[in-house]
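Trainee:
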Amino acid sequence: MKILTVIGARPQFVKASVVSRAVRAAGHTEILVNTGQHYDDNMARIFFEEMNIPKPDYDLGVGSGTHAVQTAAALVGIEKIILAEKPDYVLVYGDTNATLAGALAAAKLHIKIVHIEAGLRSYNRDMPEEINRIVTDVLSDLLFVPTQVAVENLKREGLTRGVHVVGDVMVDALLTYTKVAEQRSTVLAELGIRSGAYLLMTIHRPSNADHDERLLAIMDQVSQTNRTVVFPVHPRSRPRMEALKNSISGRIQLVDPVGYLDMMILEKQAYMVITDSGGVQKEAYLHKTPCLTVRNETEWVETVEDGWNYLVGNDLERIPQLIENFPKPEKWAYHYGDGQAAAKIINYL
Numbered sequence: 005m006k007i008l009t010v011i012g013a014r015p016q017f018v019k020a021s022v023v024s025r026a027v028r029a030a031g032h033t034e035i036l037v038n039t040g041q042h043y044d045d046n047m048a049r050i051f052f053e054e055m056n057i058p059k060p061d062y063d064l065g066v067g068s069g070t071h072a073v074q075t076a077a078a079l080v081g082i083e084k085i086i087l088a089e090k091p092d093y094v095l096v097y098g099d100t101n102a103t104l105a106g107a108l109a110a111a112k113l114h115i116k117i118v119h120i121e122a123g124l125r126s127y128n129r130d131m132p133e134e135i136n137r138i139v140t141d142v143l144s145d146l147l148f149v150p151t152q153v154a155v156e157n158l159k160r161e162g163l164t165r166g167v168h169v170v171g172d173v174m175v176d177a178l179l180t181y182t183k184v185a186e187q188r189s190t191v192l193a194e195l196g197i198r199s200g201a202y203l204l205m206t207i208h209r210p211s212n213a214d215h216d217e218r219l220l221a222i223m224d225q226v227s228q229t230n231r232t233v234v235f236p237v238h239p240r241s242r243p244r245m246e247a248l249k250n251s252i253s254g255r256i257q258l259v260d261p262v263g264y265l266d267m268m269i270l271e272k273q274a275y276m277v278i279t280d281s282g283g284v285q286k287e288a289y290l291h292k293t294p295c296l297t298v299r300n301e302t303e304w305v306e307t308v309e310d311g312w313n314y315l316v317g318n319d320l321e322r323i324p325q326l327i328e329n330f331p332k333p334e335k336w337a338y339h340y341g342d343g344q345a346a347a348k349i350i351n352y353l
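FYI, this note's numbering numbers position 205 of the sequence shown as 209, with every residue one higher than the one before it.
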């Protein structure tokens, strides 16, 4: 088969590291298209180098911009590539603008669509990712879902054909690369922190990161701990953080984005993770690290149900108490598969 894979952002690079390897090992031809939604070296290049991701056959260089600008530029570029390459399938991951653009381009050209990480729902349509998920799932021919919850989400929307539970390819990646990270990463020494003695924080969603009052309120509550807080700052948030840094506690250590190997170590060795990222919530769960999510909802409901993840929402004043007195989780399960999702996907294809 000839499979055209669309990627563009950090989570998709991680997923492609295992799926692309499986596609090629099975003897199929893959055309890898990078839209360039994440283009900073620490958000893109380092992932290709650390995880041995094949060099993209096409790089669209979409860069930053509004959702319409990013999606439109990617849509135009992907359509041209599909017409030139004539793939059997277009494969897309997750819920980014690259995902939506790939699905739309393929659907208009009557090419079958494979959606990996289908069926996730936050039920918050203020999130652009939610719109991308819903539209992509409707258009897709094969929907590879991580959990039974995702199956039920799709069923409520009338989507039952082509749905397969395979687990989460992020588990494949985590199991593959965590041991590598433990051998190679020196991030704790570089940052001068000790295992179990720091908090890891990632805040990047517009609802949190694009409003000074909200962002400072989060920083204020987090900084009430006596622990160091390591905060890898997303490139789009860097100018705002620089402008506000005199109002932020010295306990919060602003650092550049880190590669996947360093991130695995930071998540695994943290006392706690504080985030608004869907992927980081799930990775914290997989590493058995408690997590506070600064959102009102999550796609990864199992992390909350099992007691490892607490949705802070607008109840920011609870953060200091939760940091010091997080209820010990009593349950942990392999909700997201056994690390063989990529192999199962190839078998279905």
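Think of the CB as a built atom: it goes at the ideal place given N, C-alpha and C, for glycine as much as any other residue.
Using beta-carbon positions only, say whether aspartate 342 and glycine 171 come within less than 9 Å of one another.
Mentor: yes
Trainee: For leucine 8, does the three-state DSSP call read helix, strand or coil?
Mentor: strand
Trainee: Between the region 316-336 and the region 223-235, are three or more C-beta pairs nearer than 8 Å?
Mentor: yes
Trainee: Here's a check: name, in chain order, each residue in its chain whose Cβ is nearer than 8 Å to the Cβ of valine 139, leaving out the five neighbours to either side.
Mentor: Leu104, Ala107 and Leu108
Trainee: So the candidates are Tyr93, Gly283, Val316 and Asn101; which of them puts its Cα closest to the Cα of leucine 113?
Mentor: Residue Tyr93 is the option with its Cα nearest to leucine 113.
Trainee: Beta-carbon separation of valine 10 and leucine 95 under 9 Å?
Mentor: yes
Trainee: So, helix, strand or coil for lysine 272, using DSSP?
Mentor: helix
Trainee: Helix, strand or coil for glutamine 74, going by three-state DSSP, please let me know.
Mentor: helix
Trainee: Which word fits proline 243, buried or exposed, when buried means at least 16 other C-beta atoms lie within 10 angstroms of its C-beta?
Mentor: Classification for proline 243: exposed.
Trainee: When we look at the beta-carbon of glutamine 152 and count the other beta-carbons within 10 Å, is it buried (16 or more) or exposed?
Mentor: exposed
Trainee: Quick one: which unbroken alpha helix (DSSP H) runs of 4-plus residues sit fully inside the region 84-154? Chain order, please.
Mentor: 101-112 and 132-143
Trainee: Counting along the chain, where does the beta strand (DSSP E) carrying methionine 205 start and finish?
Mentor: 202-206
Trainee: Round the Cβ separation of serine 21 and alanine 177 to the nearest angstrom and send it over; I've been treating them as touching at under 8 Å.
Mentor: 6 Å
Trainee: Suppose you measure from the CA of proline 132 to the CA of serine 211; what does that come to, to the nearest Å?
Mentor: 11 Å
Trainee: Closer than 7 Å by C-beta to threonine 180: which residues in its own chain qualify, once you throw out the five before and the five after it? Chain order, please.
Mentor: Val22
Trainee: Would DSSP call isoleucine 252 helix, strand or coil?
Mentor: coil
Trainee: Tell me the DSSP secondary structure of glutamate 334 in three-state form.
Mentor: Assignment of glutamate 334 by DSSP, reduced to helix, strand and coil, places it in the coil class.
Trainee: Is the beta carbon of serine 251 less than 9 Å from the beta carbon of methionine 205?
Mentor: no
Trainee: Between the region 316-324 and the region 334-353, do three or more beta carbon pairs fall short of 8 Å?
Mentor: Touching, no, given that fewer than three Cβ pairs across the two stretches are closer than 8 Å.
Trainee: Rounded to the nearest angstrom, what separates arginine 188 and glutamate 134 at their Cα positions?
Mentor: 36 Å
Trainee: On the DSSP bridge assignment, give the partners of valine 210 in chain order.
Mentor: Reading the sequence as shown, one finds proline at residue 210 and not valine. For proline 210, which the question treats as bridged, DSSP gives no partner whatsoever.
Trainee: State yes or no: is the C-beta of tyrosine 19 within less than 9 Å of the C-beta of methionine 174?
Mentor: In the sequence as displayed, the identity of residue 19 is lysine instead of tyrosine. Their beta carbons are under 9 Å apart, which means lysine 19 touches methionine 174 by this criterion.
Trainee: If the criterion is Cβ atoms closer than 9 Å, does the pair leucine 143 and histidine 168 meet it?
Mentor: With contacts defined as CB atoms closer than 9 Å, leucine 143 and histidine 168 fail to qualify as a contacting pair.
Trainee: If you compare alpha carbons, which of Cys295, Pro324, Arg322 and Glu303 is closest to tyrosine 314?
Mentor: Cys295
Trainee: Indicate the three-state DSSP secondary structure (helix, strand or coil) for isoleucine 327 in the structure shown.
Mentor: helix
Trainee: Locate the beta strand (DSSP E) running through threonine 297, then write down its first and last residues.
Mentor: 295-297
Trainee: CB-CB under 7 Å to valine 191, same chain, minus the five flanking residues each way: which ones, in chain order?
Mentor: Val262, Asp266, Ile269 and Leu270
Trainee: I need the DSSP call for leucine 36, collapsed to helix, strand or coil.
Mentor: strand
Trainee: For valine 184 versus leucine 203, is the C-beta spacing smaller than 9 Å?
Mentor: no
Trainee: Is it the case that the Cβ atoms of isoleucine 207 and serine 241 are separated by a distance below 9 Å?
Mentor: yes
Trainee: Leucine 64 by DSSP, collapsed to three states: which one?
Mentor: coil
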